[in-house]
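One structure is given below, encoded as structure tokens.
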Amino acid sequence: MNMKVVEKDKVISGMLGDELKRCQEMLGSLEKSVSELPKGVISERIKRYKDKEYVYYYLKYRVGDKVINKHIPKKEVEGLLKKLALRKKYEKEIVSYKKKIAYLNKILSTDKRRHGNSSQK
Amino acid sequence: MEIAVKNKDIFPEAIQELLHALYSAGFFEEAMLVGSWVMPLYQEVFGLSYALRTLDIDFAVKFAYTEKDKKADLEKIIIDLGYIPVLMQSGIRKFTRENFTVEFVAHRKGSRGERIVSIRKWNITASPLPFIDILLSYPFTANFGNFKLRAPLPEAFFVHKLITAQRRPGESKRDKDLEQCSIIAYQLNNDRLKTVVESLKLSKKTQKTLRASCEVIDFPPQRLGFQ
Numbered sequence: 000m001n002m003k004v005v006e007k008d009k010v011i012s013g014m015l016g017d018e019l020k021r022c023q024e025m026l027g028s029l030e031k032s033v034s035e036l037p038k039g040v041i042s043e044r045i046k047r048y049k050d051k052e053y054v055y056y057y058l059k060y061r062v063g064d065k066v067i068n069k070h071i072p073k074k075e076v077e078g079l080l081k082k083l084a085l086r087k088k089y090e091k092e093i094v095s096y097k098k099k100i101a102y103l104n105k106i107l108s109t110d111k112r113r114h115g116n117s118s119q120k
Numbered sequence: 000m001e002i003a004v005k006n007k008d009i010f011p012e013a014i015q016e017l018l019h020a021l022y023s024a025g026f027f028e029e030a031m032l033v034g035s036w037v038m039p040l041y042q043e044v045f046g047l048s049y050a051l052r053t054l055d056i057d058f059a060v061k062f063a064y065t066e067k068d069k070k071a072d073l074e075k076i077i078i079d080l081g082y083i084p085v086l087m088q089s090g091i092r093k094f095t096r097e098n099f100t101v102e103f104v105a106h107r108k109g110s111r112g113e114r115i116v117s118i119r120k121w122n123i124t125a126s127p128l129p130f131i132d133i134l135l136s137y138p139f140t141a142n143f144g145n146f147k148l149r150a151p152l153p154e155a156f157f158v159h160k161l162i163t164a165q166r167r168p169g170e171s172k173r174d175k176d177l178e179q180c181s182i183i184a185y186q187l188n189n190d191r192l193k194t195v196v197e198s199l200k201l202s203k204k205t206q207k208t209l210r211a212s213c214e215v216i217d218f219p220p221q222r223l224g225f226q
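Quick mapping for you: the protein sequence lines, in order, are chains X and H.
The first sequence: position 26 = 25 (numbering that gives the first Met the number 0), numbered continuously.
The second sequence: position 86 = 85 (numbering that gives the first Met the number 0), numbered continuously.
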């Protein structure tokens with residue numbers, strides 16, 4: 000009721016391959032989710048007119064080389080801030096998955112090279 | 000069957016936190032931890048040593064079409080722990096945090112039908128998979144003091160893996176399943192194993208599957224009650 004060392008090695012590299020696939024699938028879904036969320040930062044502009052002060056909110060984001068300032072009605076600011084915060088979370092998770100994928104790719108390519116060399120001997 | 004766990008740190012802190020939150024919501028009254036994360040539990044409780052595990056944390060949950068009572072909003076509970084919900088291409092909703100992924104599975108009756116089931120009482124979606132009822136029918140409770148956790152008995156986990164290993168589309172997953180079986184095989188309780196196998200109505204195809212898995216790990220099929 001035991002597996003040989005060669006089989007164990009196969010199990011480990013298979014598991015790493017599955018983990019890579021899982022991370023890639025998750026990354027794809029995270030990137031899709033993040034693309035549906037707004038990007039940028041909210042800035043505030045105060046304008047004075049006669050004796051009164053008026054606050055306007057803008058969503059500042061970049062499209063290529065252009066910086067866009069889009070006016071946001073006050074009632075939409077809170078909801079937008081939540082979405083921007085959520086986007087940050089998604090982006091952080093995306094970075095973490097990209098690092099993991101790079102790490103797994105490195106291990107798996109080393110493993111392939113090792114097996115390639117040993118089979119040539 | 001309830002077993003007090005002496006070493007409280009068998010799970011990383013992030014997972015302990017998740018398990019504690021799910022226990023507080025009453026989730027383990029009718030659900031359980033499954034997948035490779037039961038292995039640290041088996042190591043602690045049953046002395047089965049197996050170090051490999053993936054970063055996806057799977058939970059098996061009971062599913063009925065006629066759910067009336069709402070239990071708890073698990074989505075909110077998990078998001079409050081810092082996880083983010085992710086809609087996968089399959090339509091299933093998973094949760095992720097620092098590469099850990101939380102997902103749910105439910106028992107699937109009959110042939111392939113729906114790809115997702117919505118468990119409204121917990122506000123989650125689950126992937127329906129065959130033979131999950133084997134796991135859900137034979138639980139044990141691990142008592143960590145500040146929380147309790149349900150998981151399948153090793154005998155149920157073993158039989159489930161023997162069956163599903165041969166149905167896996169990928170060779171690597173089948174190898175992993177059978178390797179786990181080969182480790183568990185050392186510590187199986189014969190009476191409990193017999194109870195699990197006898198409770199199942201196994202088709203000829205499934206019996207053949209079981210025998211094939213037994214052969215790979217060199218496990219005598221007679222211990223499953225086969226001739």
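Note that CB positions come from ideal geometry on N, CA and C, so glycine has one too.
As an exercise, report each continuous beta strand (DSSP E) stretch of at least 3 residues that is fully enclosed by the stretch 79–104 of chain H, in chain order. 83–86 and 92–96
Under the three-state reduction of DSSP, which class applies to residue 96 of chain X: helix, strand or coil? helix
Quick one: which residues of the stretch 60–85 of chain H get their C-beta closer than 7 angstroms to a C-beta of chain X? List them in chain order. 83 and 85
Short CB-CB distance (under 7 angstroms) between residue 163 of chain H and chain X: no
Given a cut-off of 7 angstroms, decide if residue 32 of chain H and residue 148 of chain H are closer than it, judged by their beta-carbon atoms. yes
Residue 60 of chain H - containing beta strand (DSSP E), residue span: 55–60
Report the option in H:221, H:137, H:143 and H:116 whose CA atom is closest to the CA atom of residue 91 of chain H. H:116
Exposure label - residue 120 of chain X; buried when at least 16 CB within 10 Å: Note on residue 120 of chain X: pLDDT 47, under 50, position unreliable in the model; the coordinate value appears next. Answer is exposed; the Cβ neighbour count stays below 16.
Residue 67 of chain X to residue 178 of chain H, Cα distance in whole Å? 56 angstroms
Nearest by alpha-carbon distance to residue 36 of chain X: which of X:99, X:78 and X:103 is it? X:78
Buried or exposed: which applies to residue 131 of chain H, given that a residue is buried once 16 or more other Cβ atoms fall within 10 Å of its Cβ? buried
Residue 137 of chain H and residue 152 of chain H look like a contact to me (Cβ under 8 angstroms); what is the Cβ gap, rounded to whole Å? 4 angstroms
Would you mind sorting residue 96 of chain X into buried or exposed? The rule is 16 or more other CB atoms within 10 Å of its CB. buried
Is it the case that the Cβ atoms of residue 29 of chain X and residue 92 of chain X are separated by a distance below 7 angstroms? Their beta carbons are under 7 angstroms apart, which means residue 29 of chain X touches residue 92 of chain X by this criterion.
Leaving out five residues on either side along the sequence, give the residues of the same chain with a beta carbon under 7 angstroms from the beta carbon of residue 222 of chain H. 189 and 192
Any contact of the stretch 120–129 of chain H with the stretch 93–106 of chain H, i.e. 3+ C-beta pairs under 8 angstroms? yes
Determine the direct distance from the alpha carbon of residue 143 of chain H to that of residue 155 of chain H, and round the result to whole angstroms. Answer to the nearest angstrom: the Cα atoms are 22 angstroms apart.
How long is the line joining the alpha carbons of residue 59 of chain H and residue 81 of chain X, rounded to whole angstroms? 32 angstroms
Can residue 47 of chain H and residue 183 of chain H be called in contact, C-beta distance under 7 angstroms? yes
When DSSP labels each residue in this structure, what does residue 139 of chain H get in the three-state scheme? strand
Who does residue 47 of chain X pair with in a DSSP beta bridge? Residue 47 of chain X is bridged to X:52.
Establish whether the CB of residue 171 of chain H and some CB of chain X are separated by less than 7 angstroms. yes
Cβ of residue 29 of chain X within 7 angstroms of any chain H Cβ: yes
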